[in-house]
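**Student:**
Residue numbers (this note's numbering): 19 to 188.
1. Can you name the residues that DSSP bridges to residue 81?
2. Can you give me the start and stop residues for the beta strand (DSSP E) that residue 49 sits inside?
3. Leaving out five residues before and five after residue 130 in sequence, what residues of the same chain have Cβ atoms less than 6 angstroms from its Cβ?
4. With 16 as the cutoff for other CB atoms within 10 Å, does residue 162 come out buried or exposed?
5. Between residue 137 and residue 180, what straight-line distance do the alpha-carbon atoms span, to the nearest angstrom?
6. I need the straight-line Cα distance from residue 156 to residue 114, nearest angstrom please.
7. Determine, using beta carbons only, whether residue 21 and residue 55 come nearer to each other than 8 angstroms.
8. Between the stretch 147-154 and the stretch 111-128, can you find at least three pairs of beta-carbon atoms closer than 8 angstroms?
9. What residue from 175, 143, 140, 40 has the CA that sits closest to residue 82's CA?
10. Under a Cβ-count criterion, where at least 16 other Cβ atoms within 10 Å of its own Cβ denotes burial, should residue 144 be classed as buried or exposed?
11. Alpha carbon to alpha carbon, how far is residue 169 from residue 47? Give it in angstroms, no decimals.
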């Protein structure tokens, strides 16, 4: 299992904060705003140029930055260290953004990362925190499996285009 770190920005309703629930259940360690990730930590960043892929499994940790999607762009341009990766496209199962591509909660993002990196059982532990959690895996089963089985970042990008062609049409 990877070490999971959660940086809470306090920009959303605290009762809906999935990072806080991961911390309360000892599934993540809360870190302060001055936290600097090591180069062996994957920093989940929806604006990163590189996509998460199975070769990233060499990482030792995952940092999720829990913030409002409305303020995400400014938050993710802070210096956090680590290897910045965006998740491949997946559909949210959380009640706020249900079925919206890429609008994942922190717990969905951590679970997706673990799944893509081959830690499927650990991913399910995180999803079990919420009654809607297992639906995330069901909603994304085929793309998650394709991403997990990809041997390179290029293959993950190819799978994204296959499963979500409408997002690439212009």
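By construction, the Cβ of each residue, glycine as well, lies at the ideal position given by its N, Cα and C atoms.
**Tutor:** Let's see:
1. Note: residue 81 is bridge-paired with 23, 61 in the DSSP secondary-structure output.
2. Residue 49 -> beta strand (DSSP E) spans 47-49.
3. Correct list, in chain order: 105, 108.
4. Buried, by the Cβ-count rule.
5. Put simply, the backbone Cα of residue 137 is about 23 angstroms away from that of residue 180.
6. Residue 156 and residue 114: Cα-Cα distance of roughly 18 angstroms.
7. Taking the C-beta atoms as reference points, residue 55 is found no nearer than 8 angstroms to residue 21.
8. Cβ pair count under 8 angstroms is three or more, so yes.
9. Comparing Cα-Cα distances from residue 82 to each of 175, 143, 140, 40, the minimum goes to 40.
10. By the 10 Å Cβ count, residue 144 comes out buried.
11. Separation of residue 47 and residue 169 (C-alpha to C-alpha, rounded to the nearest whole angstrom) is 30 angstroms.
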